[in-house]
Amino acid sequence: MGSARTFFLNRSGATALEFAMVAPLFFGLVFSTIETGWIMVRSTALDRALDIAVRQVRIGAEPDQAAMKASICENMKLVVPACASAMVVEMTTVKSASDIPLSGAKCLDRGSTVATTGAYTTGAEQETLFVRACLVADPFTPLIGVALELPKDSLGGYWLVASSAFKKEPKKGT
38 MGSARTFFLN RSGATALEFA MVAPLFFGLV FSTIETGWIM VRSTALDRAL DIAVRQVRIG
98 AEPDQAAMKA SICENMKLVV PACASAMVVE MTTVKSASDI PLSGAKCLDR GSTVATTGAY
158 TTGAEQETLF VRACLVADPF TPLIGVALEL PKDSLGGYWL VASSAFKKEP KKGT
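Structure below.
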């Protein structure tokens with residue numbers, strides 16, 4: 038009886054037990070914060086890169102879909118090194134407000150064998166264009182915190198979408 042009583046009154050493992058109960062919550066919070074910050078960095082980089090690429094189209098450049106994708110990726114290569122193989126770019130002409138695509142962006146599923154491409158046209162002068170880029174990025178902490186809740190493709194990457202609408206300017210001298 039004395040040894041059972043001694044066992045239950047012994048407090049030498051109380052700190053380890055408290056740590057074991059609180060640590061998963063604390064680490065989940067820390068890693069969710071890191072993941073959310075990394076998502077924001079990538080999302081901001083994608084928005085900026087799309088704006089830079091769109092600026093060239095707005096003033097008269099007419100890149101094809103691959104060149105547009107390369108232009109976007111060039112401006113975010115430090116944040117997403119394998120950008121070109123993980124992005125879909127769509128550009129469509131908008132004649133009225135009802136022409137703006139309301140459905141979800143066409144995004145790549147890296148685990149699928151079906152190629153995903155979006156509609157793409159550089160439009161004519163004075164036309165309004167809507168461009169949207171969808172990038173698949175891998176989570177920084179895939180099995181912890183917020184990364185568990187993100188919608189993902191079949192290989193575990195989540196989607197970042199940036200969009201812009203603009204009116205194509207007339208070329209100089211017209």
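With this note's numbering, letter number 132 in the sequence shown gets 169, and the count goes up by one each step, no holes.
Beta carbons: idealized from backbone N, C-alpha and C, even for Gly.
Three-state secondary structure (DSSP) of residue i
i	result
residue 132	coil
residue 111	helix
residue 117	coil
residue 200	strand
residue 170	strand
residue 43	helix
Proximity below 8 Å, CB of residue i to CB of residue j
i	j	result
residue 99	residue 177	no
residue 146	residue 190	yes
residue 105	residue 121	no
Integer-rounded CB distance, given that residue j should sit under 8 Å from residue i
i	j	result
residue 143	residue 171	6 Å
residue 156	residue 87	The pair is not a contact, with the Cβ atoms about 16 Å apart (cut-off 8 Å).
Contact set for residue i: own chain, Cβ-Cβ below 7 Å, skip 5 residues either direction
i	result
residue 131	137, 165, 166, 167 and 202
residue 78	116
Cutoff 6 Å; reference residue i; Cβ partners in own chain excluding five residues on either side
i	result
residue 80	197
Given residue i as reference, the closest of the options once Cα atoms are compared
i	options	result
residue 205	128, 134, 194 and 181	128
residue 118	97, 91 and 82	82
residue 124	102, 139, 134 and 133	102
residue 159	140, 116, 94 and 192	94
residue 76	174, 192, 180 and 181	174
residue 163	110, 51, 207 and 65	207
residue 108	92, 97 and 96	92
residue 193	182, 148 and 57	148
residue 62	134, 96 and 181	181
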